[in-house]
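Visitor: 131 is the number that the numbering used here gives to position 10 of the sequence shown; each next residue is one higher, with no gaps.
Starting off with a structure, shown below.
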Amino acid sequence: NRKGAILTLVERKSLLTLAAPLETKQAAPTAEAMIRLLQSLPSHWRQTLTLDNGIEFRLHEQVSQAIGIQTYLAHLYAAYERGRNENTNGQIRQYLPKSTDFRNIPPEKLEEIIYELNNRPRKKLGYRTPLEVFLQNVALRV
Numbered sequence: 122n123r124k125g126a127i128l129t130l131v132e133r134k135s136l137l138t139l140a141a142p143l144e145t146k147q148a149a150p151t152a153e154a155m156i157r158l159l160q161s162l163p164s165h166w167r168q169t170l171t172l173d174n175g176i177e178f179r180l181h182e183q184v185s186q187a188i189g190i191q192t193y194l195a196h197l198y199a200a201y202e203r204g205r206n207e208n209t210n211g212q213i214r215q216y217l218p219k220s221t222d223f224r225n226i227p228p229e230k231l232e233e234i235i236y237e238l239n240n241r242p243r244k245k246l247g248y249r250t251p252l253e254v255f256l257q258n259v260a261l262r263v
């Protein structure tokens with residue numbers, strides 16, 4: 122009976138996490154939040170988006186057109202097709218346990234959590250942080 126949700130997007134190469142609070146898991150607010158988050162990335166980093174089959178993602182084609190990227194839906198009951206995102210959601214659970222009502226999370230708290238995740242060294246990145254990898258790659262393109 123949890124209310125609210127957190128939309129998380131994880132960039133595949135740098136593992137940079139973007140997140141937005143959602144009052145509800147309805148499709149329109151979710152699509153708006155996805156567009157807002159994706160627009161914050163440089164255009165060359167916005168190529169594809171893999172989503173689960175939840176009803177909150179039914180407007181994925183609208184997101185695809187607005188951002189100019191290809192969207193894919195994972196197969197039903199195939200969380201492994203979105204493994205990085207599922208792993209990131211588990212990391213967020215270190216800060217916000219299952220019983221959390223996301224409507225009560227101040228935006229600043231979510232920003233702190235995402236900041237910590239983006240500044241946590243990762244073995245996959247040679248013990249660099251997602252933010253370091255992201256900024257390094259953005260700087261190479263400028």
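C-beta atoms are modelled at their ideal positions from N, C-alpha and C, and glycine is treated no differently.
Could you have a look at Gly125 and say whether DSSP puts it in helix, strand or coil?
Guide: Here residue 125 refers to the residue found at position 4 of the sequence shown. For Gly125, the secondary structure class from DSSP, reduced to helix, strand or coil, is coil.
Visitor: Can you give me the Cβ contacts of Ala126 inside the same chain, cut-off strictly under 7 Å, excluding the 5 residues immediately before and after it?
Guide: Locating residue 126 in the sequence shown gives position 5, counting from the first residue. Excluding positions up to five away in sequence, the list reads Leu143, Lys146 and Phe223.
Visitor: Figure out for me which residue from Tyr193, Arg179 and Ile188 has the closest Cα to the Cα of Ser161.
Guide: Taking the first residue of the sequence shown as position 1, residue 161 is located at position 40. Checking every option, the nearest Cα to that of Ser161 belongs to Ile188.
Visitor: Which whole-angstrom value is the C-beta distance of Ser135 and Phe255, which I expect to be below 8 Å?
Guide: Taking the sequence shown and counting its residues from 1, the one referred to as residue 135 is at position 14. Taking the sequence shown and counting its residues from 1, the one referred to as residue 255 is at position 134. Right, their Cβ atoms sit about 4 Å apart.
Visitor: Hey, could you find the ends of the beta strand (DSSP E) Gln191 is sitting in?
Guide: Taking the first residue of the sequence shown as 1, we reach residue 191 at position 70. Element bounds for Gln191: Gln191 to Leu194.
Visitor: For Ile213, which residues of its own chain have a beta-carbon under 8 Å away from its beta-carbon, when the five flanking residues on both sides are left out?
Guide: In the sequence shown, counting from the first residue as 1, residue 213 sits at position 92. Cβ neighbours of Ile213 beyond the five flanking positions: Ile127, Thr129, Ala140, Ile234 and Leu238.
Visitor: Answer with buried or exposed for Pro242, where buried requires no fewer than 16 other C-beta atoms within 10 angstroms of its C-beta.
Guide: Counted from its first residue, the sequence shown places residue 242 at position 121. Pro242 is exposed by the Cβ-count criterion.
Visitor: Should Asn122 be labelled buried (16 or more other beta-carbon atoms within 10 Å of its own) or exposed?
Guide: The residue you call residue 122 lines up with position 1 of the sequence shown. With a pLDDT of only 49 at Asn122, under the threshold of 50, the placement of this residue in the model should not be trusted, and no figure is reported.
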